[in-house]
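All remarks here apply to the structure that follows.
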Amino acid sequence: MIGTKHRSEKIKAVIRVATGNFLEMYDFMVFGYFAAEIGRTFFPKGSSFASLMLALGTYGAGFLMRPLGAIVLGAYIDRKGRRAGLMLTLALMSVGTVSIACVPGYERIGIVAPLLVVLGRLVQGFSAGVELGGVSIYLAEIAKPGHKGFYVSWQSASQQCAVVFASLLGFALNARLSAQEMSSFGWRIPMLVGCGIIPFLFLIRRSLAETEDFLSRTRHPSAREILRSVAANWRLVALGTMMVAMTTVSFYTITAYTPTFGAALHLVSCF
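Counting from 0, one number per residue, gives the positions in the sequence shown under numbering that gives the first Met the number 0.
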């Protein structure tokens with residue numbers, strides 16, 4: 000009976016953590032899927048190519064913030080706890096998502112519109128910088144001995160579920176709405192869907208228990224100590240960054256850019 004209850008608590012903890020990670024990846028992917036529509040809304044240039052490049056540049060700006068988020072928020076998680084850190088990253092991602100979904104277009108508020116969108120992407124990237132690592136650490140620390148790999152794999156699994164869900168939602172919208180409707184308001188629907196599930200995620204994440212590994216520590220490193228450690232091991236950090244960059248570039252090229260490329264290719268073939 001005790002074993003069954005303990006197993007149930009572990010499953011619930013994995014679900015609570017993974018669902019928040021799902022939202023992080025969902026919000027990150029949706030922007031890439033609708034980059035063309037976002038470009039026309041916030042970066043109206045004479046050339047559709049220029050608008051698309053500005054939108055993709057804004058998308059890429061989020062990645063520049065991820066290392067900074069990993070260091071700053073990672074230090075926060077090591078000082079304040081895994082639960083507090085995961086709540087903070089969810090709040091930051093929520094702010095970024097809501098700002099992008101609800102900001103009026105360039106035609107209504109001018110240059111303020113793209114500035115707010117860029118700021119929203121920077122906040123999203125800052126949050127995502129530690130969300131994936133924070134989730135992995137939490138899952139590893141609650142895992143049973145000999146099962147750390149299985150527990151941590153749910154971090155990646157939740158990301159792939161987000162990619163599939165965002166893709167299916169985008170496919171459904173493109174099948175039901177015209178190109179003009181997608182550019183006008185359709186691209187906001189997936190963003191608003193992400194906003195709609197935020198309260199639910201806060202509700203289930205706030206019940207997360209702190210990990211026993213963190214509570215058992217008698218000392219937690221300061222931000223200055225963490226920065227010194229990063230500087231002292233800069234070669235290892237640089238090597239790890241380059242290795243991750245290869246897989247990340249391939250992943251986002253396939254999942255985020257390919258739909259945009261396919262849509263542009265379809266338009267060209269129509270003419």
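Ideal Cβ placement from N, Cα and C applies to all residues, glycine included.
These numbers were taken from a predicted model, which means no experiment stands behind them.
Residue j beta carbon less than 9 Å from that of residue i
i                 : j                : result
valine 151        : alanine 165      : no
threonine 88      : alanine 127      : yes
valine 102        : glycine 119      : yes
threonine 254     : valine 122       : no
glycine 38        : methionine 52    : yes
isoleucine 197    : leucine 22       : yes
alanine 100       : arginine 187     : yes
glycine 124       : phenylalanine 33 : no
glycine 195       : valine 29        : no
threonine 40      : serine 182       : yes
phenylalanine 312 : proline 113      : Outside the displayed range of the chain (0 to 270) lies residue 312, so it cannot be described from this structure.
arginine 81       : glutamate 8      : no
valine 117        : glycine 68       : no
alanine 54        : alanine 83       : no
leucine 172       : glutamine 154    : no
tyrosine 251      : glycine 31       : yes
alanine 12        : alanine 230      : no
serine 98         : leucine 115      : yes
Residue burial classification, residue i (beta-carbon count within 10 angstroms, cutoff 16)
i              : result
methionine 0   : Here methionine 0 scores only 46 on pLDDT, less than 50, and its place in the model should not be relied on; the value that follows carries that caveat. With fewer than 16 other Cβ atoms within 10 Å, it is exposed.
isoleucine 10  : exposed
methionine 242 : exposed
proline 258    : buried
threonine 217  : exposed
valine 267     : Residue confidence is low: valine 267 scores 42 on pLDDT, short of 50, so the model does not pin down where it sits. No coordinate-derived value is stated.
isoleucine 136 : buried
valine 248     : exposed
proline 144    : exposed
glycine 109    : exposed
serine 215     : exposed
arginine 175   : exposed
aspartate 26   : buried
serine 298     : Residue 298 cannot be examined here, being either before or after the span of the chain that is shown, 0 to 270.
arginine 107   : exposed
threonine 240  : exposed
valine 111     : exposed
leucine 91     : buried
glycine 104    : buried
glycine 148    : exposed
arginine 234   : exposed
cysteine 269   : Unreliable placement is indicated for cysteine 269, whose pLDDT of 45 sits below 50; the coordinate value is still reported in the next sentence. With fewer than 16 other Cβ atoms within 10 Å, it is exposed.
methionine 245 : exposed
Mind listing, in chain order, the continuous alpha helix (DSSP H) runs of no fewer than 4 residues lying wholly within the segment 4-61?
Correct list: 34-41.
Do the segment 196-216 and the segment 17-33 make contact, defined as three or more Cβ pairs closer than 8 Å?
yes
Could you give the uninterrupted runs of the alpha helix (DSSP H) lying entirely in the segment 134-178, keeping only those of 4 residues or more?
147-175
Take every Cβ of the segment 65-82, pair it with every Cβ of the segment 224-234, and state whether three or more of those distances are shorter than 8 Å.
yes
4 or more residues per run - each alpha helix (DSSP H) lying fully within the segment 184-247
187-195, 197-204, 211-214, 222-231
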